[in-house]
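To start, the structure itself, in structure tokens.
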Amino acid sequence: MSRREGYALHPKAHKALVKRPGPPGQPGNYGGRIKQSQYALQLREKQKVKRLYGLLERQFSKLMAEASRTKGQSGATLLQFLEQRLDNAIYRVGFAPSRRAARQLATHGHFMLDGRRVDVPSLRLKVGDKVSIRPASKKTEYFKQIDEVSPAPSAIPAWLKVNRKQFEFTVTGVPTRDDAEPDIKEQLIVEYYSR
């Protein structure tokens, strides 16, 4: 999928893109090198963001429809909604090496939101929400080695405050456009859905 989008969708995908930079298919047939139509550019950008955050088509289109109804710029609002997802926040604070792994951890019920167990990775976090790892889960081998998969403290966005010793984080603000991936062209996604 990373080769198809020409973008590393997973932290380990950089190696694959260096080794084989072209899109998948018949060797030597780099169809992605020809000039693409505006529709193709919009579609590829939508697919890239959808796959980056691990959403299905229906989930993504519903989120885009909600962002369109909300005041402000639809593209920036869409990225804000994607950043506020529980699985993304788990990945951002470094409790998982990738968004896919964070989604699995959330689905398996390893986290608590304000003291209650949650297993919905698409849950949208609000300011003041406190997410912690369940006491039983802290004893597992994965969470004992959490420092090996965690990012540098500078990589944690400003809207999240992490307490690594207590295995918890708090939502202190709302994510801005700068908190999302820098090379997303959200305007192309808005144009795709406004056809």
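In this text, residue positions in the sequence shown follow the working numbering: the first is 5, and each later residue adds one.
Beta carbons: idealized from backbone N, C-alpha and C, even for Gly.
Quantities reported herein were computed from a predicted structural model and do not represent experimental measurements.
Coarse secondary structure for residue i, derived from DSSP in three states
i, result
"F85", "helix"
"T174", "strand"
"L109", "helix"
"K165", "strand"
"V122", "strand"
"R128", "strand"
"S198", "coil"
"I94", "helix"
"G36", "In this prediction, G36 scores a pLDDT of 49, lower than 50, which makes its location untrustworthy; no coordinate-derived value is stated."
"S102", "coil"
"D187", "coil"
"G4", "Any question about residue 4 goes unanswered here, given that the chain covers just 5 to 199."
"L192", "helix"
Residue burial classification, residue i (beta-carbon count within 10 angstroms, cutoff 16)
i, result
"R96", "buried"
"G132", "exposed"
"Y43", "exposed"
"R62", "exposed"
"K50", "buried"
"Q40", "exposed"
"Q84", "buried"
"R121", "exposed"
Residue interval of the alpha helix (DSSP H) (run including residue i)
i, result
"V53", "Q42 to Y57"
"Y146", "E145 to K148"
"Y159", "Note that residue 159 is Ala in the sequence shown, not Tyr. No alpha helix (DSSP H) contains A159, which DSSP labels as neither H nor E."
"E61", "E61 to R73"
Bounding residues of the beta strand (DSSP E) (the contiguous stretch that carries residue i)
i, result
"V135", "K134 to I137"
"L117", "F115 to L117"
Nearest-angstrom Cβ-Cβ length linking residue i and residue j, presumed shorter than 8 Å
i, j, result
"I150", "M68", "Actually they do not touch by this definition, with Cβ atoms about 34 Å apart."
Next item on the list: Evaluate contact between the segment 170 to 177 and the segment 135 to 151, counting only Cβ atoms and requiring at least three cross-stretch pairs below 8 Å.
Entry: yes
Margin query: Across the segment 99 to 115 and the segment 71 to 78, are there enough close Cβ pairs to call them in contact, namely three or more that are closer than 8 Å?
Written below: no
Checklist line | Validate contact between the segment 87 to 96 and the segment 119 to 128 using beta carbons, cut 8 Å, 3 pairs | finding: yes
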